[in-house]
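The structure under discussion appears below in the form of structure tokens.
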Amino acid sequence: MCGIVGIVGQTPVAPLIVDALKRLEYRGYDSAGVATVEKGELSRRRAEGKLVNLERRLEAEPLSGTIGIGHTRWATHGVPNETNAHPHFADEVAIVHNGIIENFAELRDELKRDGYVFQSQTDTEVVAHLIARELRGGAQPTEAAHNALKRLQGAFALAIMFKGDDDLIIGARNGPPLAVGHGQGEMYLGSDAIALAPFTNSITYLEDGDWAVVRRNKVQIFDIDGNPVKRQRQRSVGTSYLVDKGNHRHFMEKEIHEQPEVISHTLAHYLDFTSGKTREMDLPFDFAKLDRIAISACGTAYLAGLIGKYWFERYARLPVDIDIASEFRYREMPLGKKSAALFVSQSGETADTLASLRYCRSEGVPIGAIVNVRESTIARESHVTFPTLAGPEIGVASTKAFTCQLSVLASLAVRAAAERGTIDEGEEKRLVRQLSEAPRFASQVLKLEEQIEKVARELAKVNHVLYLGRDTSYPLALEGALKLKEISYIHAEGYAAGELKHGPIALIDENMPVIVIAPHDRIFEKTVSNMQEVAARGGRIILITDEAGAARAGIETFETIVLPDTPEFIAPIVYALPVQLLAYYTAVQMGTDVDQPRNLAKSVTVE
Ligand code: AGP
């Protein structure tokens, strides 16, 4: 998604804005721009592609203003080119925007009838003209902006500047996040605290409907009706250090390798390794009294929730309804008095997940959220948050957040089982002990990189891949396919192995590698028969299993990746790593932009 930065500063702000935009690159973008107010005039530089192109423009034609706004654009309306890059101008108004103005066509037609001429194909430019028209009608800048905001429908985070006023930026939020940063004689606006970390960690998050009048020495925040509101000023956590790749080629590679460490940090938050039991938690619901949990999320986070369903139902005997958030939010699932809802989100800003959460709130259901960004909107709107302690995840493809989400879900499932009495203390301690071994197993898997890279070189030659798994390996098969397609652009599908004969087997031939995720567990033999069906049709099998599985597979595989013998309970956490590494090395072979794959964004803050 787009990134927004604004600075009302003391020194030339353009280079500072570009540095801040670099910290938002992980959100995904395809053009960028900066505008400043200098000597009473609006000036701007914009460039297609990466920020390095904008820096070149600024080197050639510097901007010296001490107030400015900047933007990284992820195209929604209009192709990614310089004309459509933000900031957009209309008369004396400059604006940057993250989100989608859903009624932009109607507004554009109205403005065209009033004689306004549009330079771009974007929905954003409509807002600039709306404000310009208010100014022509005699409104002051803050009133003009407020009147325009009241006309907008849809999701937006905005930063607005005015020719002739070098001490005013107006920020507005309805959906995508926007934070005010408090400095010394300077003020900042940013899409998140990471962007503002070089300047300040004193942050105020705007709420939906808020708009802020930001001047060097004063910030006033109002609601959409123009009433002054108070928003909490807080210290942002863990964002003061600059996130970098260390000695890795990509953030994704670094984040895959951080997993043993961050899984153990996360587990320590939920498990008491001294008592060997799960920690007490102050919850807005009683696991013992629930008759079901509704889980909703998107993408990889959804697949984590899908594995969590197996665990809650198997160990806590607690029924789980799970759905992807874009369906959940419109399904109007009936939620009774003994329901609770659980949302999983790395960014904590995913629009569909947030909308599903708000549906559950409207149903009066207690809400928990498993998030990696503690100050995120989803975190703030939940009754209880279950943090993943993965640290900032920069690579668009979610890896360490996924295994940390699984660590939280596994811990919660054991806690729920203990509170519901479906396991005794001995079983609780056994499961906690197994969980505590996950980081060690994960670090052992990382030693298989060379073999996995070799397999990836073969995958890079094909156009289609099928992933198969059963039980908790089925969502992993879906995750493997998602990882591969989203960073290598190779088409891949994940399937329940038991479904092979119900259609996908028609795909099998020597050109369709089949990746089978199958630890040697109680249903391993069932998957063996699926592999035999694939082998009988010339399919090339890449088996991910353990020693016992390798010994008993009984078929000729193209490659067998042998993992440590892992307890069934924690297998999904451990088996996620080879799946991630396979996608990573295939993408490296393909030469794609591993950390910022085409068309994708790290946080999907629009529908
Ligand atoms: C994961 O590799 C994808 N980039 C994507 O599916 C992601 O998991 C999804 O957009 C949900 O994001 P969230 O966890 O921030 O809500």
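In my numbering, the protein residues as written are 177 to 783. Each residue gets a CB set at the ideal place from its N, CA and C atoms; glycine is no exception.
Do residue i and residue j have their C-beta atoms within less than 8 Å of each other?
i	j	result
residue 182	residue 277	no
residue 587	residue 446	yes
residue 287	residue 311	no
residue 707	residue 731	yes
residue 543	residue 517	yes
residue 296	residue 249	no
residue 238	residue 436	no
residue 427	residue 570	yes
residue 739	residue 729	no
residue 472	residue 449	no
residue 242	residue 194	no
residue 521	residue 469	no
residue 388	residue 346	yes
residue 657	residue 761	no
residue 263	residue 220	yes
residue 603	residue 463	no
residue 330	residue 279	yes
residue 710	residue 717	yes
residue 781	residue 403	no
residue 560	residue 459	yes
residue 663	residue 759	yes
Indicate, with yes or no, if the ligand AGP has a heavy atom lying under 7 Å from the CB of residue i.
i	result
residue 278	no
residue 526	yes
residue 378	no
residue 768	no
residue 189	no
residue 529	yes
residue 557	no
residue 475	yes
residue 367	no
residue 508	no
residue 522	yes
residue 658	yes
residue 437	no
residue 780	yes
residue 776	yes
residue 573	yes
residue 662	yes
DSSP has residue i in a bridge; who is on the other side?
i	result
residue 785	Because residue 785 is not part of the residues shown, which for the chain are 177 to 783, the question remains open.
residue 345	337, 390
residue 356	365, 380
residue 561	545
residue 270	265, 337
residue 722	739
residue 575	In DSSP, residue 575 forms no bridge with anything.
residue 397	388
residue 212	219, 244
residue 472	499, 519
residue 692	644, 719
residue 681	Paired residue(s): none; residue 681 is not in a bridge.
residue 443	DSSP output for residue 443 lists no bridge partner at all.
residue 671	644
residue 249	207
residue 187	Residue 187 is not bridged to any residue.
residue 404	398
residue 276	331
residue 453	448
residue 257	DSSP lists no partner for residue 257.
residue 411	378
residue 554	Answer by DSSP bridge pairing: none, since residue 554 is not bridged.
Could you check how far apart the C-beta atoms of residue i and residue j are, in whole angstroms? I think they sit under 8 Å.
i	j	result
residue 218	residue 258	17 Å between Cβ atoms; not a contact.
residue 743	residue 627	Contact flag wrong, Cβ pair sits at about 23 Å.
residue 324	residue 353	That pair is no contact at about 20 Å.
residue 184	residue 407	With 8 Å as the limit, residue 184 and residue 407 do not qualify as a contact, their Cβ atoms being about 18 Å apart.
residue 174	residue 643	As shown, the chain starts at 177 and ends at 783. That puts residue 174 outside it, with no answer to give.
residue 618	residue 483	Wrong, their Cβ atoms sit about 15 Å apart, outside the cutoff.
residue 726	residue 736	5 Å
residue 466	residue 515	7 Å
residue 317	residue 341	6 Å
Give a yes or no on whether the minimum CB-CB distance between residue i and chain B is below 8 Å.
i	result
residue 476	No chain B is part of this structure, which consists of one protein chain only.
Alpha helix (DSSP H) segments (min. 4 residues) lying fully within the segment 218–245: 227–236
Where are the alpha helix (DSSP H) runs, 4 residues long or more, that stay fully inside the segment 284–343, in chain order? 300–312, 317–325
In chain order, each alpha helix (DSSP H) run of at least 4 residues that lies wholly inside the segment 504–543: 527–538
For a minimum of 4 consecutive residues, which ranges assigned as the alpha helix (DSSP H) are wholly contained in the segment 726–783? 747–766
Of all the alpha helix (DSSP H) runs that stay within the bounds of the segment 582–658, which reach a length of 4 or more residues? 601–612, 614–621, 625–635
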